[in-house]
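Peer 1: Each protein sequence line maps, in turn, to chains A and B.
So for the first sequence, our numbering puts the first residue at 636; every next one is plus one.
So for the second sequence, our numbering puts the first residue at 7; every next one is plus one.
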Amino acid sequence: MKNIRNIGLVVFLIGFAVFIASLFVGTYKISEDKLKSLYDTTEKIDKGDTIAASIKKAAIELELLDKEFSNQFAFSSEISNLLNNSNASISESFAEKDGITAIEVEAIYDLAIVNGKVAYSKDVVIAVFSDNVKKQKLLIDNTSWMFNESKSYDKVDDFKKDFENKLKGINGKLGEKYFVWDNKYSRFDLVKAASNGPITDNKGLFLFLTFGLCIIGALMYILPGAILMGGPGIKNNGVYHDAATSRGWIGILAFVFLLFFYILLYFYPWLIVNWTSIVDPFKGLFIEGASASQWFLYGTLYTVSMCVMGIRMFIKYRHNRYQIVRTTSVLFFQIIFAFLLVEILPLFDLPAMDLKNAWPLDYDMFFDWNVNSHFDSGTVGIFMFVWGIVLSVIVIPVMVYFYGKRWYCSWVCGCGGLAETLGDPYRQLSDKRLITWKIERWMIYSVFLFAIIMTIFAGYHSYNEVNYPEMSSKDVLFGMSAYNIREWYGFLIGSIFAGVIGTGFYPILGNRAWCRFGCPLAAYMGIVQRFKSKFRITTNGGQCISCGNCSTYCEQGIDVRAYAQKGQNIVRSSCVGCGVCSAVCPRGVLNLENAPNTNGSRMEAPEVILGNEGLKEFLNK
Amino acid sequence: MEHVVIIGNGISGVTAARHIRKLSNKRITIISAETDYFFSRTALMYVYMGHMKFEHTQPYENWFWEKNRIELKSGFVEKVDYDSKVLSFSGRGKITYDQLILAVGSKSNKFGWPGQDLKGVQGLYSKQDLDLMEENTTEHKVERAVIVGGGLIGVEMAEMLHSRNIPVSFFVREDKFWGNVLPLKEADIIGKHLESRGIDLRFNTELKEIISDENGRVKAVVSSNGEELACQFVGLTAGVSPNIDFLKETDLETEEGIVVNQFLETNQPDVYSIGDCAQFSKPVAGRNNLEQVWYTGRIMGETVAQTICGNKLAYKPGHWFNSAKFFDIEYQTYGWVHSKLQEGETNFYWEHKDGEMCMHFVFDKASRKFLGLNTFGIRIRHEVMNRHLDADSTIDKVMEQLKDANFDPEFYRLYEDEIVAKFNVEQGTKISVKKRSWKRILGAR
């Protein structure tokens, strides 16, 4: 048994090593064929090139076309020039017709600079472009700040400098709807298209050598636990002796890997195209010949990790039916709703929506592209969007009333699902101090407020997009742009907090750092749970012996013992009802229940802990 | 301002301190020779097994004491002068008190076995014992351990050693496990459970002698059957006694423990005693004169705090209850279930077919009044059982409302129907089990 375990560990490490090494294998070469597969080859832009042809031209000029690079770092560093050059040449093809030409600039200067003084005004613009209303509007929209009452130019050179800067901006944006912007999405597409070598030639093989070996190795390590750990019962032996689960060197290595993974995934996806190529065969099961994005890779890794670690949960808690049913539930929701349906819905021209993901956790629900995507998908699309609203406004508070927020956080939520499976080895690392509870409350309600404000902006923007498409500055409210706020929220909260810190820091901060300190949905449900819910963790009279297992294993950092030793039920907005405190309690003191709040019994601490008859009689007199 | 000094920072002393602070502004000092901060000694086993770190066993964060103006002092009190009310520490230092609470706890029993002081031989009670056990089992190769004394601390030690894959031979003096407390059938379940975990359980076996190697460390034991068993660790878990050596032969009245009356007063003025070390001259009905249990220490602490703050209160614990865990079987008890049925008592016993779960009800033959319940493997609601005992419920009523008493987590298989069906067959009754009622459970609050 122990040998199977050790061999399993080796097999897993081999698979993992192949996975890491795969990033450094293969070459990168962008060819004409690949460009044609990525970009449009039909529409000739303003009687010029197609987009694909434009990029090809720029590639040739930069000596990039068909040049073989030995790694993705070198190749990708050329992309910025490639795309900017191509975009610039597209702009140029519009310059004559739609841009401000040099001759026109001279005409403006003639009228605007009189006797060495600057007299630029709206009238100047109208005079120069008397026959071209479009150009008039373009210049007025972009330079009105230069001729309004508050702006005056003392030096002609200052005026010329400002004007020329603005021109660059205007002319540089001509034809921007045909641009291929230099961002992580284009870089990813180009690097993936350019990738060659053993990985791209043997995707199936590498899928086995990485995912396959890791899964097999992990299961070989996990399954013998059914026998090695002794009979069924709570077995946390060695948790604080093990370097993996007590912030030892293994935990730190795991943390470093997770950190790198999330940073690459969110911010540098073009560097990990080989990983996405490995899962192409799997994506191909849904759409033949499809190319997997980094999000498919993430979804696959996420779901696979949950399943393998879910099996570990089934073994570890096989004596505890609450844990078994709960683990089954999170696996079901992840596999069906977060993974399969998201892949299958687009095959029916429906938005790839995770139907269980509720606002405000699903923070882009009211973003313009999401709203449009739903409204453009027929009745079903609209129904799905309305479902999203119903979920947040009706289903969630009602369910929290009856069952507590555990119905979502520990039974349905994807973040929770990963936390309860992959994160189970780390739940004891949550900080239990009182000061941490104070910090937690400040943080989580701040994020909730941020989410609400951001959604107001985004919603306003989307509303304008749908109802007033011709309006200018649809995204601006109170002088601030919804785009900016959305971007900041997405970066700080969606990517850094929820992703990098939330999961990356499992081996350091425990498995629920996002849920406890950041999740705005948790904040919302927590308020309902604390004030209007039937859920509580009942404590069993006077039986608590203050051992501390409950507090130690509470993933949300609740000092459960403090309540249990007073005989007081636990009603905390942060409790996600994982049930582990009840499982580890050696005296049967804790039980998760949904019951009425008779005589304030749900939350009050008893005056006398059950057992001291003398004191009870005295106080009752 | 009066100064209350408490010797002992366990659950008893600390509860007394907390309650005295809640009720008054007296100056409070807790003295301990064991640890700087209060910790739960019930959790020592989990520290050894790696479930927790020692810090996790401390119920209060370190700022708690200063915030509540409870002074903590490390030191060993050597002498108490009851007339001038002065405590003398070993080394130097003295401290005066207006009221003194002795909450000094227990020590492991040593009955004069030859070799009982050898290296590698120890009890398990204090933090020092935990550290010693860690040293004894990691810095020395232990191929077999022998535990002497089949009770709660013994079974915990067995579980600890088992977690380190150290084979255990368990000497039990009685003919069944925890023989003084558990009835036969329950003891049998535990015995079989321990054996299923690979424990070499030996009934009717006592320790005769511990044999030393050339370095003064244990290398073997001799049992009362004459058998010599090689081992490198011996756990002495044959009960605990009050830790009062430093108080013997003084003016304080002591026997096995410090003699106290119902108000927890000793024979010395303004000196009280609570917890493991207190011996009741008139024990509470049905209970022992020594109560070496976690929650009774807590209740004594709550009670003596009232008396010290001017409200003289007698120690009056309610209905007996307790709990324990034998490897993977949880045990709870409510009311009285003696190891042998007493006069006028009868019982009903149900066991799960897998033999790791049972419920044993004891009730009065004539009046059918419910007297007590042992439950193994099924969690039971303390409040419900306590209410039955308060109300003198009949066994029939308890059975009818058995679903109210269940405290198992959701989705667990429930056995009330099966249990009551068997009860009906044996007793010739026709009780139909009522659905769980929150109104009944929470109602009379």
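From the three backbone atoms N, C-alpha and C, an ideal C-beta is built for every residue, glycine too.
1) Please go through the same chain and pick out, in chain order, the residues whose beta-carbon is closer than 8 Å to the beta-carbon of residue 1179 (chain A), but skip the five residues on each side of it.
2) With 7 Å as the limit, tell me which residues of the stretch 34-61 of chain B have their beta carbon closer than that to any beta carbon of chain A; keep them in chain order.
3) Can you give me the C-alpha to C-alpha distance between residue 373 (chain B) and residue 402 (chain B), rounded to a whole angstrom?
4) Rounded to whole angstroms, what's the CA-CA distance from residue 1154 (chain A) to residue 1129 (chain A)? Just pull it up for me.
5) I need the DSSP call for residue 325 (chain B), collapsed to helix, strand or coil.
6) Just checking my contact of residue 1039 (chain A) with residue 1212 (chain A) at CB under 8 Å: how many whole Å lie between their CB atoms?
7) I need the straight-line Cα distance from residue 306 (chain B) to residue 342 (chain B), nearest angstrom please.
8) Mind pulling the beta strand (DSSP E) runs of 3 or more residues that sit fully within the stretch 281-364 of chain B?
9) Exposed or buried, what is residue 1011 (chain A) when buried is set at 16 or more other beta-carbons lying within 10 Å of its beta-carbon?
10) Kindly indicate the opening and closing residues of the beta strand (DSSP E) around residue 105 (chain B).
11) Tell me whether residue 989 (chain A) is buried or exposed, calling it buried when 16 or more other Cβ atoms sit within 10 Å of its Cβ.
12) Excluding the five sequence neighbours on either side, which residues of its own chain have a C-beta within less than 6 Å of the C-beta of residue 451 (chain B), listed in chain order?
13) In chain order, what residues of the same chain lie with their CB nearer than 6 Å to the CB of residue 1139 (chain A), ignoring the 5 residues before and after it?
14) Tell me whether residue 80 (chain B) sits in a helix, a strand or coil according to DSSP, three-state version.
15) Can you list the residues of chain A that residue 327 (chain B) reaches, using a CB-CB cut of under 9 Å?
16) For the alpha helix (DSSP H) containing residue 243 (chain B), list its first residue and its last residue.
17) Please give the ranges of any beta strand (DSSP E) in the stretch 1149-1199 of chain A, keeping only runs that are unbroken, at least 3 residues long and fully inside the region.
18) Give me the subset of the stretch 1026-1045 of chain A whose CB atoms are less than 7 Å from a CB atom of chain B, sorted by chain position.
19) Give, in chain order, every unbroken run of the alpha helix (DSSP H) that is at least 4 residues long and sits entirely within the stretch 668-722 of chain A.
20) Counting contacts by CB-CB distance shorter than 8 Å, is residue 451 (chain B) in contact with chain A?
21) Could you tell me the boundaries of the alpha helix (DSSP H) in which residue 423 (chain B) lies?
22) Comparing C-alpha positions only, which one of A:925, A:1134 and A:912 sits nearest to residue 1149 (chain A)?
23) Determine, using beta carbons only, whether residue 388 (chain B) comes closer than 8 Å to chain A.
24) At a CB-CB cut-off below 7 Å, which residues of chain A make contact with residue 289 (chain B)?
25) Tell me whether residue 1063 (chain A) sits in a helix, a strand or coil according to DSSP, three-state version.
26) Straight-line CA distance for residue 180 (chain B) to residue 246 (chain B)?
27) I need the straight-line Cα distance from residue 1228 (chain A) to residue 355 (chain B), nearest angstrom please.
28) If I'm right that residue 672 (chain A) touches residue 692 (chain A) with Cβ under 8 Å, what's the distance once you round it to whole angstroms?
29) What do you get for residue 243 (chain B), buried or exposed, if any count of 16 or more other CB atoms within 10 angstroms of its CB means buried?
30) Where does residue 329 (chain B) land, buried or exposed, given buried means 16+ other C-beta within 10 angstroms?
31) List the residues of chain B whose Cβ lies closer than 7 Å to the Cβ of residue 1068 (chain A), in chain order.
32) With 16 as the cutoff for other CB atoms within 10 Å, does residue 1184 (chain A) come out buried or exposed?
33) What first and last residue would you give for the beta strand (DSSP E) that runs through residue 206 (chain B)?
34) Tell me the DSSP secondary structure of residue 223 (chain B) in three-state form.
35) What residues match up with residue 382 (chain B) in a beta bridge as DSSP calls it?
36) Over the uninterrupted alpha helix (DSSP H) stretch that includes residue 168 (chain B), give me the two end residues.
Peer 2: Judging by the given coordinates:
1) These residues qualify, in order along the chain: 1196, 1199, 1200, 1202, 1222 and 1224.
2) Those would be 46, 48, 49, 52, 55, 56, 57, 58 and 59, in chain order.
3) When rounded, the distance between both Cα atoms is 11 Å.
4) Going by C-alpha positions, residue 1154 (chain A) is about 10 Å away from residue 1129 (chain A).
5) Three-state DSSP puts residue 325 (chain B) in coil, outside helix and strand.
6) Contact between residue 1039 (chain A) and residue 1212 (chain A) holds, with the beta-carbon distance rounding to 5 Å and staying under 8 Å.
7) Cα-Cα distance, rounded: 20 Å.
8) Listed in chain order, they are 284-286, 327-332, 335-341 and 351-357.
9) Taking all protein chains in view, the Cβ of residue 1011 (chain A) is surrounded by fewer than 16 other Cβ atoms within 10 Å, so the residue is classified as exposed.
10) For residue 105 (chain B), the enclosing beta strand (DSSP E) has its first and last residue at 105-108.
11) Its Cβ being crowded by 16 or more others within 10 Å, residue 989 (chain A) is buried.
12) Low confidence applies here, because residue 451 (chain B) scores a pLDDT of 47, under 50, leaving its location unreliable and the question unanswered by this model.
13) For residue 1139 (chain A), the CB contacts under 6 Å within the same chain, skipping 5 residues up- and downstream, are 893, 894 and 897 in chain order.
14) Looking at residue 80 (chain B) - three-state DSSP - the assignment turns out to be strand.
15) Ordered by position in chain A, the residues that pass the 9 Å Cβ test against residue 327 (chain B) are 1176, 1177, 1178, 1245 and 1246.
16) It is not in any alpha helix (DSSP H) - residue 243 (chain B) carries neither H nor E in the DSSP assignment.
17) Segments of the beta strand (DSSP E) lying fully in the stretch 1149-1199 of chain A: 1170-1174.
18) Under the 7 Å Cβ criterion, the stretch 1026-1045 of chain A contributes no residue.
19) Runs found: 686-696 and 707-711.
20) At residue 451 (chain B), the pLDDT of 47 sits below 50, so the modelled position is not reliable; the number obtained from the coordinates is stated separately. Using a Cβ-Cβ cut-off of 8 Å, residue 451 (chain B) counts as an interface residue toward chain A, since at least one Cβ of chain A sits closer than that to its own.
21) The continuous alpha helix (DSSP H) containing residue 423 (chain B) extends over residues 422-433.
22) Checked all of A:925, A:1134 and A:912; the closest Cα to residue 1149 (chain A) is A:1134.
23) Taking Cβ atoms only, chain A reaches closer than 8 Å to residue 388 (chain B), which makes this a yes.
24) Within chain A, no residue has its CB atom less than 7 Å from the CB of residue 289 (chain B), the nearest being about 15 Å off.
25) In the structure shown, residue 1063 (chain A) adopts helical secondary structure according to DSSP, grouped into three states.
26) C-alpha separation (whole angstroms): 17 Å.
27) The alpha-carbon separation between residue 1228 (chain A) and residue 355 (chain B) amounts to approximately 28 Å.
28) Between residue 692 (chain A) and residue 672 (chain A) the Cβ distance is about 17 Å, and since that is not below 8 Å, they are no contact.
29) Burial state of residue 243 (chain B) is buried, judged by a 10 Å Cβ sphere holding 16 or more other Cβ atoms.
30) By the neighbour-count criterion, in which a residue is buried when 16 or more other Cβ atoms sit within 10 angstroms of its Cβ, residue 329 (chain B) is buried.
31) Those within 7 Å of residue 1068 (chain A) in chain B are 67.
32) With 16 or more other Cβ atoms within 10 Å, it is buried.
33) Per DSSP, residue 206 (chain B) is one residue of the beta strand (DSSP E) stretching across 206-208.
34) In this structure, DSSP gives residue 223 (chain B) an extended state, which the three-state scheme calls strand.
35) In DSSP, residue 382 (chain B) forms a bridge with B:337 and B:364.
36) Taken as a continuous stretch (DSSP letters only), the alpha helix (DSSP H) holding residue 168 (chain B) covers 158-169.
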